[in-house]
Structure formats: structure tokens, C-alpha cells
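Residue numbers for the sequence shown, in the UniProt record's numbering: 1 to 1131.
Below: the structure, in C-alpha cells.
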Amino acid sequence: MHDGSGWVLGPAAVGAGRDINAPVTVNVSVVSTAWDPWPDRIYELTALAEHLDTEHFHGRKELIARIDTAIAAQDRGYVVVQSEAGIGKTALAAHLVWTRPCVYHFTAFEGGKDPAEARKSLAAQLIRWWDLADKFCPGGNLPAAAERPDWLTRVLHAAAVARNKHQTGASLVMVVDGLDEAEPSTPGRDTGIPLGLPRPELLPAGVHIVATTRYGIPLSGLRYRTQWEVIDVEGTANLVDLHTYLETRLDWDRALSSRLDEHSVDRQWFASTLARQCAGVWMYARYVLDEIADGRDPHDISSLPPGLDGFYLEQVRRWSYRSDWAVVGGPCLAMLAALERPVDRNELVRLLELADNNGSVLRQWLDETLRPFLVARRIRGRRHYAVRHQSLRDIYKSRDTRHEEDRDAGIREDLNDSIRAAHARIVEALRPKPGFRHGVSEYARTWLPVHALATEQIDEIFTDPSFLLAMKPDALLRHQTLVRSSMARRGLDAYQMTLAIWRYTDNQERLLWLHSNAVRMHCLPLAERIVPLVQSRWLMHTSTWSGRTYRTLTTGFVDSQLCALVVDGQVLLASAGHDSKVRLWDARSGTAIGGLGIEDQRSYIRPKLSKMCVIHTDNHELIVGVSGALLEVWDPRTSNLVCDSSETRLGPISQLCPVHVNGRELIAVASDTTLTLWDPLTGDITSKPEGTPVNPITRLCTVQVNRRELIAVASDTTLALWDPLTRVTTGQPWMAHSGPISQLCAVRVNGRELIAVASDTSLRLWDPLTGKIVGEPWTAHAGSVRALCPVLVDRIHLLATVGSEGTLRLWDPRPDTGIGDLQAGHTDSILTLCAVEVGDRKLLATAGVDKTIRLWDPSTGKALGITWHQPGSTAALCAVTADKRQLVVSGGEDRVVRLWDPSTGAAVGNLGLGHTRPIQGICVIKVDGVQLVVSAALDGTIRMWDPRTGDPVGDPLSCQTGPLRAICAVCFSGQQFVAAGGDDGIVRLWDPCAGKTIGDPWRGHDDWILAMCTLRLDGHNLVVTAGHDESVRMWNPRTGSLIGQPWLGHTGSIRALTTVKNNVSEIVASAGHDKEIRFWDPRTGTSIGTCHGHTEWIRALCTVEVDGRPLIVSAGDDRSLFSWAAVESTP
């Protein structure tokens, strides 16, 4: 479709306005589901056009001519019309849409303020008009990618291609009204333009967007290819247009003319006076005309207050004299101003908690007194009301009224109080109730945080689990910078840590994770509120961990190169791995959104790059990377190669980073011990520097120091700063880590740039100005840190890391976010733990890969400051009584069984060296009233020791066909025996007195046995085993027979078992590689619950009783120590 304006739509288009004979769509839904037909996303224009009375639109000819001229003068871009409120921007936009072929969107549509819905509506129109459904909406539904800003850009490009086939040179125009009323874009999807609209430089040729907005709206994305048009409220053109409109209206509006005649009012005087009194504000004039139609004396226009704001206040002053204003009229108007959707009278009665006798009074206010200021429309057969114009809400905004009190008689203060009260009523009415058994409306999920913010309850909601569960994460997180209290901040941190599993779990599992993370973050109000809501029988009791808050974006991440960039306003992470293929990820959600081999998603990058960085040029970002022996510069928007270093001899490239020198962005290239500066736009070497390190350069990054841009150069364990202007190092190098520096980047923390340094598994921050460490180091991953880069998300500078275990995480480097326990803890995986008694106290001993054994108070989770150092890692601990005191027994990598006194922290001695391979298991048995220590090792032998003398007891027991990895003691027939299992998947029972095996081997496991424990059931002692085959099995030690079927439920190897008394009987707890603790009813072999909290493999479990209450303690590769307590189930 094409008209004389030069604007064009596709062959399937039906023009708006006079060409529409019936509605072309159904009402839009605001919920994306798997069933999301794209035609339903197109908003119907008819009702809005009728409300704006486009049939009688008048004026703006000069402005429309300037818009046409601007479109003709540019090959693509924006025309932005700005003015004050109430000047007629929406009417102008509707007139353009009603008279010209174009794609449109109005934020005045119900739900139209939502950026994602706006983009979907625009895209759906393009799809319809240009027959693009088969390409973008297979099956007739919008894809999940439609949520992203770049998807609209893709549809626009496809529509432009289709346009060129039909009519090359015609303009494809989108009209978008009300940028100032748009909701904030979802964090990470802000293009710098409201509604997440595409930046002008990303538009295809011949595509233009005409947008309207009020003044004062941030439009950082509209710096290029944008024509600004202003409607000057006091300008001659606007004043003449308004006066002419009033004159012509008197010609066709017979009701208005009759009212003037009734009061003997001269028409010319009326038009001139009203135009002068309204001072160019069209909405003001419309309000007055509607009031006159409802009975106001036309002569009153000569005494109208100046300005629309004054008009509103004058109305409020008049209404305030009515006896029902304080109870009905005022609360009603404030409620309508607070709500972001239309509401019917019955709902208003409920929200305002009006008495029955006030129902008729409310109807009078809605349909008579307030009618000129409201929009009323029928929705599902009932009349719904909404504020007519955004300017009315402005009078409720808080402002300094100290100099206006005499003039407004306290009206503004009263209005501010009434709007806060309205928001509080909305929060109370829509706030999810504890238990969240009833559904929460889509409106509440989106807007409740806004209402809570208006009532200053934003701090409270982050400790309310029902609220957190019900809200959309994006709706909450966009307000996170307003959180003030430290407790609410901890609740927010716990919430963000839980978001990693949010999309894949139900509310019960979310609650379990949220509770665990609340305990981890010491947010006790949130944790306590969750307890009545969960169905689990076990919840986290204490948490001991060291580090900073983080959010896991994704697992199974294989890449080792990482950099952040912004494409179409979306914050992305670009990654590359061993295959050198570049992949793109959403930095907000961790979702893969591009790259080779990913179907049905955008594929920006085609090159193969081994090392990468990002440079900024011409208002967009480019990726620079190493491809073989070359440097290549790629445009992520088009996948085009911009330039490379083929004309320059750079030598082998080990590292690169961007740096600004004399206003140009260059690339610092490291090759062995030298640095070279390369111009990515020209491909030329600008200089070969001097004063570079003697040792090979391992990492580079750029850092701001005293407003100078320097290059941080890492060589082995040291850091030095190099000045690209003087081409020499500044200051002295310093030792940044005890081990080789593996990753390096600069990150802004509290207004200054620090250097983040990774070595092996840990991260630490350094001040480049002083060369001193800032804050405490923290462990970032269970494996080594393979990639590190800064990324700006939600206006917060974060660190993105990738661990060798395949986890992509975001970290907040600010020092006030390190709410983990700032005490000395394990610096590597915890492999084993046990309970030990010291006097009347029950303590925990832990040990692992970091070659230390530590003592903890299980009631508080606090370390006791006692640390024993081992020559190697420790794989097994247990407690033994010798000479009327309990000692801790350890065994591990050094093959020696050692004794420690927990009361003094001193080493008691060794039990001798006998094993030839590392010890994997230790238990205690009683023989002739004496406790003996039994050890099992990878050498396939079992040895016994007397802890009183340190001597071995008897000969080694050896009958296993492979390494032993688990051992336990079991008593029956009045004697204690030892059960052991290992790599052959077989359990054997040993008689320690006879020094031989008893009975036949127990066969059943299909793989390694990694964990064993004993269980007492119905007066009998049984043996429980588990291992690599992901099953738990229970055995009768008297017969060696399997009891029942294997217990299945884990999705990874099981490394730890323990038993705990539950009411009157014992239950079994198991844990392992799937990072969850699973509880089992041994009578049925069924799983009766799970606990979540660990982020890496769980390697150890034990049971300890504190104040008569049994606790299960868990530990593993995440270096965390958690205790879990039984709770009453909520019916």
C-alpha cells in the first residue's frame, strides 16, 4: 500500500483510518506463552482514534511538512517530536497513522508501556504487511527471541528487503507515540531508546521512525541520524492552530454552539479567550470544553487559572469543599492516578474499602464530577476507568512545596499523602499472601514493585518470600539500586543467587534454594519467613563459606576467552574456546543467543578467534581477535570483516587489549617480551615501545590511573604498569599473586578502577595506584579461572568469570557485598568431616585438599581458630576415644594415620606408615572393650591401629581386587566387623579378630563404591552403600544379601552417606555430584526429600547432635560447610 506521502506498507497491508471498515485484530495479551499467536500482538487503533477524535484533527501542517522533509533528507533514522505535556503529540501521531500507511505503536494502549509488548506489536505488523510469518513465526507463534530488542531489528531488515522488491525508494515508516511514558527496559536490554527501539544507525536503508516524547527523557541512543522537531507551546504556529481548531469546532460541534447561545456568548470572543487562557495547551482546552458540555458557564473561561497544572489544582480546590471529597472523591482520583491500568467501579470499591452507602457516591464522582479527566471504556461488559492524560498524574509527584504553601493551601501536600495511601492500598490488596496458593495477576507481577517503591516498602519486599516468588525477576531487579537497608540488600543477594535455577524449577524448589541462600547471606528475616511455606522436612541451619555474592549464569560452559560488548542495546558476552568459534551470550540471563552451530538464533560472528577484546568506534562496538598469526577486526552486527593485520608483521601474538592514545583507540599486542601498538582501523603499527618486561608477557589489560590510561602487564606472578604515551613502565612492579597470573582485567569499584587478578581458583583486587590488595581474596570457582572480564549489568560494574568446571558466573566486586563469612576457611575442596566431643561440647573437624584440618562449632558454623597442617590432602577423618579423651584420626595422601587432640590443638602422634597408597577411609571398632582405628587405602589393604600406643594390630587384611575407597564398622552377634568396598563394586565383610573375610562378597553395584555407613532398623544393624552407579543399596550383614531394590534418584555419583534419627527411626542421607542432599526412608527405599545449597560436588556428610537436636553437616568442592536441621512440615 502506498500513498502520496511516499510512505509505504506491504502488499498485505490494510491502511489505518478511512480504509478500515472493521477491527483488524483482537485485543493484545500481555503474557508470552508457548501458545503466542503473532496476530494477537497487534493493538487495535480504532478505540484510541475515536477517543482522540482524529476525524476532526486540525492544524500541524507546517510540522507535518517538516517531518516529510526530514524523512526525505535522510536515508534512515529518527524524527523525534518533543513538547510539553498536553500539546497534542498523541493526536498528531494518530493523525499520521490514520491518514498514511505505516506501522504504529502508542504507549496509551493498555499494556503498551511494556517495551517487549511494544516491540512485538511493531514486529507483528511488519510480519503481517510484508508476509514474513513463515520466516519469523513458524507454527504461527512468536518465538522466545521476540523478547529481545534485536529481534525487531531483524524483522525490520527483512521487511526492508521485501519492500525493495515491491517498491524501491519508498519509505517504510514506524510511528511510535509516548516514549516518555514507556516502562524502563529490562536490564540488559536497554538500547538507549525507550521501549528498546533500535538505534538509528542500525535501521535498514529507507526505514524511518517518527516518535513523540515529552522533554526531559534520556535518549542517549539518539545521537546520530536523528532530526529533532519541537512543538513550542507558546509558538505562533501552535497558538494559531489551537485558535483555528476552536473556531472550526464551533462550526461542527452543535452541542457546544448551543451552550454558547444559551449563555449569549460571542463565538469569536469565546475562541480567542479560551485559546489565550489555555496558552497553547490543547489538553487544557479539551478539559474546559468537556466541562462546558457538562454544565459549566462559558463565561468562566475568562477566570481560568494559568497553565494546566494550575487548572488541575483549581479543580482539586473546588472539589475539596465537598463533604464526600475526603472519603470518596479524593481517594478515588488518587487511586486512578496510582494504577497503571483501567479499573471498574466494583474493584475501586474494594481497593478503597468503601462502605456500601458510598457506592452510589462513587458512581457520581466517576460518571459526573471526574468525567472530563477520565477515560471510560467497556471491557468484558463492564465500564472501566483510567486517568485521561499523564499530566494529571504529575500533580501527585513529590516536589518542594515550601514556597507554594500559601498559594496552594497545602493541596499538594494532601495530594502527595493521598497518592502514597493509594499505593499502600494497592500493595495490600495485590500483595501475595503467605503460601502463594492463589494465582497472582500479571499486573501485580509487573507493577507491585513500583507501588511498593512509592510507599517506601522496597526494602521490605526483598525479605518477603511470597513477594519474591510472585514477581517477575526483571520487574524487581530494575529497582535494586534503590535498596537501602543492609538486610534487604542481603535478601536481594540471596534472590539473585537463586535466579540461576529460577527458570527450571517450581515454587517449592525455588523456596528451598532461596532459604539456603538467605541463610548463606545471613538474611534471617527472609529465611524465617520461608520456613512455614516449604514442604521439605530439612532446611539449612547454619552456613559457613567465604567469598562474595555471585550469580551463576550457566553451566557446561566450555569457552576460555571472554569479553563484554553491547549490540542493539543488549549487553552481551562474547566467548571463544578450543574450537575458536565465537559465541554470544545474554549477560543478564546467560542464554546463548548467537554463534556458529546454533540454529534459530541470530548468528553474528563467523570467524574463528583464539583471543578477543572489544573496541568502540562510530557509536558501536567491534570485536578484535587473534586468528592464526593475524589480528582481525569484526563487526558483530553484520559478521563482516573490517580489517586485519595481514599487511603488518606482528610476530606470534600472545595477548591483546584496547588502549586510547591521543584520542585514538589502538590495540596493544603482546609478543613474548615486547608490546606493539596497532591501529585497528588502518591496520598500521603506530609504534614499537621500549621498556617492556624482561619476562614473557602472560596477560594485558587497560586501567585508568589518575585520569591516565595505562596498560597493566602481567609476567608470571608480577604486575607492572606501562604508559603507552611515554612507552616506559611507571613505578615498580609488584608481586600480585603467589602463583602464576592466569587472568587479568580492570573493573570499576566505587568510582575508581581496580585490577582483578586471577590465579588458579582465586580472585583478588589490586589498587594500581598503591600496588596494594583491596579487600579479601575470594575463591571464584571449584576449578581454575579460565576467563575473566568486566561487564556492566543493571548499571552495576560486575566481573564475569568462567571456571574450568564449566560455570559462567557474575560477581559484584564492591567490598560491601562480601557477606560471606570473613573468617579463615578451607581454600580448596573439603573431602571429609566428622563429629568430635571436647568435654561437653560437640565440634566438627573438616579436612581436604588444602592440607589442613580445621575445627568448627556446629551450633554457629563458626571456626574455632584451630588448624592442623598436613603434608598432603586428607581424605578421611573420624573420632576415637583413647585414655578417656576423644581424638581426631586423619588419613590421606601421605599414607600415614595421624592423631590430633581437639582440646589443645596439638598433634598427638602418628600410628605408623604401612599403606603404600593414599588412605581413603577410616573407622573405629571396639575389640575387647578397646577402641581401635581401622584404615583402608587405594593399595587394597585394611590395617588396624591401637591409638593408645600407635602400634599396628595384627597383619594387614588384603583380599580386594582393587583399591578400597569406603569403610564402616557394623556390629551383630555381639561382635564388630568391618565392611569395605572400592573400585570393583564389591563389598566384603572382615572379621578383625580372625583377620579374614566372612561369607561371600556382596555383589550388586555396577561401578565404584565410594561411600558406606551403618543403619539401625527395627533392632538390626544394616549396611548402606553408594557409589558411581548413582544408586544407594542396603544390605543385611549377617547374610550379605541385598535388602529390597536399589534406591534411585541421584543424577550423579554418590560420594557421601550418613544416618540421622527422624522421630523414632533412622533415615539415610546421601549426597554427591548432583550437588543435592537426598533423604531416604529405609523401610520403603523411597526418597522423602532433598536439600539444596551447594554449588559444587558434595563430598562429605556427617551427623552431629546440638542441644538435643540432630544436624546433618555437608561439605564439598565449593569449600562451604552447611548444617541442616529437621523442621515441621507445613500442612
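For every residue, glycine included, the Cβ atom is placed at its ideal position computed from N, Cα and C.
*asked:* Based on DSSP bridge pairs, tell me the residues matched to G1116.
replied: I1098
_At 3 residues or longer, what runs of the beta strand (DSSP E) sit wholly inside the segment 326 to 392?_
Counting only runs of 3 or more, we get 374 to 379 and 382 to 387.
*Could you pull out every residue in the same chain whose Cβ sits closer than 6 Å to the Cβ of H1073, ignoring the five residues on either side in sequence?*
G1052, S1053 and W1097
*Around the C-beta of N662, are 16 or more other C-beta atoms found within 10 angstroms, so that it is buried, or is it exposed?*
exposed
*With 16 as the cutoff for other CB atoms within 10 Å, does D100 come out buried or exposed?*
Reading off the sequence shown, one finds Arg at residue 100, where the question assumed Asp. With 16 or more Cβ atoms within 10 Å of its Cβ, R100 is classed as buried.
_C-alpha gap between R814 and V757, whole angstroms_ = 15 Å
*Taking C-alpha atoms, which residue in W585, L156 and W228 lies nearest to V103?*
L156
*DSSP three-state call for S1123: helix, strand or coil?*
strand
*Hey, V836 and V888: beta-carbon distance below 8 Å or not?*
yes
*Just confirm the distance between the C-beta atoms of G999 and L989, as a whole number of angstroms; I'd bet it's less than 8 Å.*
6 Å
_V230 classed as buried or exposed, judged by whether at least 16 other C-beta atoms fall within 10 angstroms_ = Exposed, because fewer than 16 other Cβ atoms sit within 10 Å of the Cβ of V230.
*Which same chain residues, not among the five before or five after G691, have their C-beta less than 6 Å away from its C-beta?*
Bear in mind that a pLDDT of 48 at G691, under 50, signals an unreliable position, so the number given afterwards is only what the model happens to contain. Excluding sequence neighbours, G691 sits near V728 and T729.
*From what residue to what residue does the beta strand (DSSP E) around V836 run?*
I830 to V838
_How far does the beta strand (DSSP E) with N640 in it extend, from its first residue to its last?_
N640 to D644
*May I ask you to report which of helix, strand or coil DSSP gives residue 1144?*
The structure shown does not extend to residue 1144, since the chain is modelled only from 1 through 1131, so no value can be given for it.
*Run through DSSP, which three-state label would V265 get?*
coil
*Could you tell me the distance, in whole angstroms, from the CA atom of R948 to the CA atom of D883?*
7 Å
*With G982 as the anchor, note down where its beta strand (DSSP E) starts and where it stops.*
Q975 to G982
_Tell me the DSSP secondary structure of E84 in three-state form._
coil
*Do E932 and V924 have their C-beta atoms within less than 8 Å of each other?*
A small correction: the amino acid at residue 932 is Leu; Glu does not occupy that position in the sequence shown. Yes, Cβ-Cβ distance for L932 and V924 is below 8 Å.
*Beta-carbon proximity of V281 to D324, cut-off 8 Å*: no
_Looking at the secondary structure, which residues open and close the beta strand (DSSP E) in which I501 lies?_
Neither: I501 is in no beta strand (DSSP E) and is coded neither H nor E.
*asked:* Helix, strand or coil, according to DSSP, for C278 in the structure here?
replied: helix
*asked:* Can you find the residues in the same chain that come closer than 6 Å, C-beta to C-beta, to L831, ignoring five residues on each side of it along the sequence?
replied: G848, A875 and R1099
*In or out: E528 buried (at least 16 other Cβ within 10 Å) or exposed?*
Burial call: exposed.
*Hey, could you find the ends of the beta strand (DSSP E) S935 is sitting in?*
V930 to A937
*May I have the straight-line CA-CA distance separating E599 from V582, to the nearest angstrom?*
At E599, the pLDDT of 34 sits below 50, so the modelled position is not reliable; the number obtained from the coordinates is stated separately. Going from the Cα of E599 to the Cα of V582 covers about 14 Å.
*Simplified DSSP assignment, three categories, for Q125*: The answer is helix: DSSP assigns Q125 an H, G or I state.
*If we ignore side chains and look at the alpha-carbon of each, how far apart do H58 and L222 end up?*
29 Å
*Looking only at C-alpha atoms, which of L172, A116, R128 and R163 sits nearest to E147?*
Among L172, A116, R128 and R163, the Cα nearest to that of E147 belongs to A116.
*asked:* Based on DSSP bridge pairs, tell me the residues matched to Q227.
replied: As a beta-bridge residue in DSSP terms, Q227 pairs with V79.
*asked:* By alpha-carbon positions, which one of G950, T961, W945 and M1034 ends up nearest to V970?
replied: M1034 is the residue among G950, T961, W945 and M1034 whose C-alpha sits nearest the C-alpha of V970.
*Run of the beta strand (DSSP E) containing H869, from where it starts to where it stops*: That run of the beta strand (DSSP E) goes K862 to H869.
*Relative to the alpha-carbon of P432, which residue among T904, H451, D131 and S466 has its alpha-carbon at the smallest distance?*
S466
*DSSP state of R214, grouped into three classes?*
R214 falls in the strand class under three-state DSSP.
*Is the segment 1103 to 1112 close to the segment 1120 to 1127, with three or more CB pairs under 8 Å?*
yes
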